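Q: Read in this note's numbering, the sequence shown has 237 at position 225, and its numbers run on one by one without any break. C-beta atoms are modelled at their ideal positions from N, C-alpha and C, and glycine is treated no differently. As the structure is a prediction and not an experimental result, all values here were calculated from the model.
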Amino acid sequence: CRIVAITDITERKKAEEALRVSEEKFSKAFREIPGAIGITTIKDGRFIDVNDSFYQVMGYTRQEAIGRTSTELNIWVEDESREKLVGELSTESHPRNKMIKFRKKSGEVGVGLFSVEKIVVNNEPCMISVNMEVTQQIKAEESLKLLGSVTQQVTDSIIVIDPDYKITYMNKAAQKLLGYSIDEVLGADIDIFSSEPITKKTRKEITSTLALGKIWKAVLTKRRKDGSTFLCDCRRSPLFDENGRPSSYIVVYRDITEQKETEAKIQAQNLMVESILTSMPEGVLVTDSADRIIMANESFRKIFHTGRKVIENKAINEVLRVGQLFDHYTSVKMENTDVRSLEFRYKVKNAEKIIACVVIKMDIERMLLIFTDVSREREEEDKLYLMDRLASLGEMAAGLAHELNNPLTGILTLSQLLVNSDLPDQHKEDMQCVYDEAKRAASIVKNVLLFTRNNSYENGQSSVNDVVREVLRLREHEERMKNINIITNLQENMPEIQLDKYQLQQVFLNIILNAEAAIEETNRPGTLTVTSEKVNNHVNIIFADTGCGIKKNVLSRIFDPFFTTKDIGKGTGLGLSICYGIIVKHNGKISVKTQVGKGTTFTIRMPIAAN
């Protein structure tokens, strides 16, 4: 027979299934909980298992952790913390969320909430520990505390809003500025302070700017609780969470009403000063304590032919290289005197100007310099001076001219008779030359009389090239003998000018004779270059020699009557003064440039004859 035993195992199967489900849940929780979970033996504290988050939090892999103790891994920053936790566990208590400091594999120290529970694994007493890292939260809380402390102290109004622009925080300065308490506006839209609703376009602009991590700035009118408005400098900057999403925004308000009013007044004053400076004919320069130019008006730039960028923030001695000017400037700055004035010559675009300058100390920081171009005034003064000297020459010149007329009349008469007689051709040619020169001398005497009596010159039109060639032909022999090379650069088709031919011959001849003497003084061969050119409505005749040049102390007096540097008996000092008078009567100008040892250049500028 057979004996069949039947046992009801329904409850056991249910228990086994429940255990299996429980183990699956535990395993899933063990693996997926974000905190670092470790199972260690109570006996020697060795890890028998850790979850995946253990590596993320602590930096150790399962292979590195299992079989080792927390002491061997140097996890505990404070040993007393571990001993205290183990002690609590031995007394059957269950430590929960104890804040501890732990050391990661990298050496970085973190902060965690530590919880421990007893369990039995394979009949061995163990404990399971959970370490939830809160390092970043602790830092954020500390930062918020610090931020709250700082923002309460600053004078700027600071408001914190969430991503939906709802107010979450407002410091004392903001409450005072806007008239609201934090309780009144907490959770309200930031637009509560706007005098007008923010447009969709502006809100979109704000959002796009902040999304890029940039600061949005604007000057807007804001409204207080009492309804009053003020001009506000508004700034918004984003704060991002660890995922790069904006977590909140910092809004800073600053009342700039008074500042803008002050700026408007200063701007109006600056415009008025600028208008005055622009209309001034004098050049104005202002420098700072470091001698750098902080302001220069338009007249200054015109006087010195310079641009705004050339002088901007430059030192004064970089822009105006005049030692005498800087000496005066330094003297006034060092309080030796309050005001100093001087005149100096300054070369601007190949032209020399005479400039008057007044240096004034404005205050401890700034210096004022006022420049006036007095070139024309000084030129007119020189003309008046020379004409006055020439006028004093009148009586003597007239007497000499009358005395010279008598022998000249005899020479002219006899030479003309000989020219018309039956002389050999060679002698007749020489006598004709004597007659022509005597005639020219008589014309010069006549012109001196006309000049000293302030009469008009003999009217006529001619080309300056013809006059130059005639004078050079007369000196051709002498120049060859003195080893002087003549170079002519005469522009063709030159327009005629209104002139007295004989007077202009006298001017050219005098300048050429002076050039020959200057070259001869160097005891070396030289060159005289004669150039003619048309410039706008004038004709320039330029005589440039390679002679000894004119000394600086002599240059200012070369057109003075009776002034000469030649030895007694070799010059009367009348040549250049008469030349000056002739050119002035022809409505022209005569100028000179020289360099000692290099040579001298005379430039005669004559107006073109009107058709």
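1) I'd like the span of the beta strand (DSSP E) that includes N143, first residue to last.
2) Do I496 and E533 have their C-beta atoms closer together than 9 Å?
3) Assess contact between the segment 47–58 and the segment 133–146, defined as three or more Cβ pairs (one per stretch) separated by less than 8 Å. Is contact present?
4) Suppose the cutoff is 7 Å on Cβ atoms and the five residues either side in sequence are ignored; what does the same chain contact list for K440 look like?
5) Can you look up L337 in the DSSP assignment and give me helix, strand or coil?
6) Quick check: what's the CA-CA separation for A77 versus E129?
7) Can you check the segment 181–213 for any alpha helix (DSSP H) of at least 4 residues that lies completely inside it and give the ranges in chain order?
8) Would you decide whether P537 is buried or exposed? Buried here means 16 or more other CB atoms lie within 10 Å of its CB.
9) Give the secondary structure of Q607 by DSSP, where H, G and I count as helix, E and B as strand, and everything else as coil.
10) Identify the continuous alpha helix (DSSP H) that holds E129 and give its terminal residues.
11) List the residues that DSSP assigns as beta-bridge partners of A363.
12) Going by Cα to Cα distance, which pick from T384, V344, P507, V231 is closest to I366?
13) Please state whether DSSP places Q473 in a helix, a strand or coil.
14) Would you mind giving the Cβ-Cβ distance between I295 and D238, rounded to the nearest angstrom? I have them listed as a contact below 8 Å.
15) Determine which residues share a DSSP beta bridge with Q510 and list them.
16) Using the Cβ count rule (16 or more neighbours within 10 Å means buried), how would you classify N599?
17) Going by beta-carbon coordinates alone, are E545 and N535 separated by less than 9 Å?
18) Indicate whether the contact test is met: 3 or more Cβ pairs, each with one atom in the segment 312–319 and one in the segment 273–286, closer than 8 Å.
19) Excluding five sequence neighbours on each side, which residues of the same chain lie with their C-beta closer than 7 Å to the C-beta of P209?
20) If we call anything under 9 Å between Cβ atoms a contact, is D168 one with Y265?
21) Which residues in the same chain as K610 place their Cβ atom closer than 8 Å to its Cβ, once the five residues preceding and following it in sequence are excluded?
22) Could you have a look at I595 and say whether DSSP puts it in helix, strand or coil?
23) Determine the burial state of C591: buried for a count of at least 16 other Cβ atoms within 10 Å of its Cβ, exposed for fewer.
24) Grab the span of the beta strand (DSSP E) containing S260 for me, first residue to last.
25) Between which two residues does the alpha helix (DSSP H) containing E330 stretch?
26) Would R352 pass as a contact of V344 if the rule is Cβ separation under 9 Å?
27) Please classify S301 as buried or exposed, where buried requires at least 16 neighbouring CB atoms within 10 angstroms.
28) For the candidate residues V596, I278, K361, G71, whose alpha-carbon lies nearest to that of E391?
29) Look up L58 in the DSSP assignment and give the residues it is bridged to.
30) DSSP three-state call for V542: helix, strand or coil?
31) What is the residue span of the alpha helix (DSSP H) that I6 lies within?
32) Assuming contact is defined by CB atoms lying nearer than 9 Å, are L251 and L243 in contact in what I supplied?
33) Drop a sphere of 10 angstroms on the beta-carbon of G581, count the other beta-carbons inside from all chains shown, and report buried for 16 or more, exposed for fewer.
34) Write down the C-beta distance between R58 and N86 rounded to the nearest angstrom, noting that I regard them as a contact closer than 8 Å.
35) Quick check: I323 and I305, are their CB atoms within less than 9 Å of each other?
36) Measuring only the C-alpha atoms, how far is A185 from I171?
A: Looking at the coordinates:
1) 136–145
2) no
3) yes
4) V431
5) helix
6) 19 Å
7) 184–190, 194–197
8) exposed
9) strand
10) Run containing E129: none in the alpha helix (DSSP H); it sits in the beta strand (DSSP E), 121–133.
11) V360
12) T384
13) strand
14) The residue you asked about is not Ile; residue 295 is Gly in the sequence shown. Not confirmed; about 54 Å, so no contact.
15) Q473
16) exposed
17) no
18) no
19) D203
20) yes
21) T558, G561
22) helix
23) buried
24) 258–267
25) 328–331
26) yes
27) exposed
28) V596
29) Note that residue 58 is Arg in the sequence shown, not Leu. Per DSSP, T81.
30) strand
31) For residue 6 there is no data in the structure shown, the boundaries of the chain being 13 and 623.
32) no
33) Caution applies to G581, whose pLDDT of 38 falls short of 50 and renders its modelled position unreliable; the model cannot decide the point.
34) That pair is no contact at about 15 Å.
35) yes
36) 10 Å
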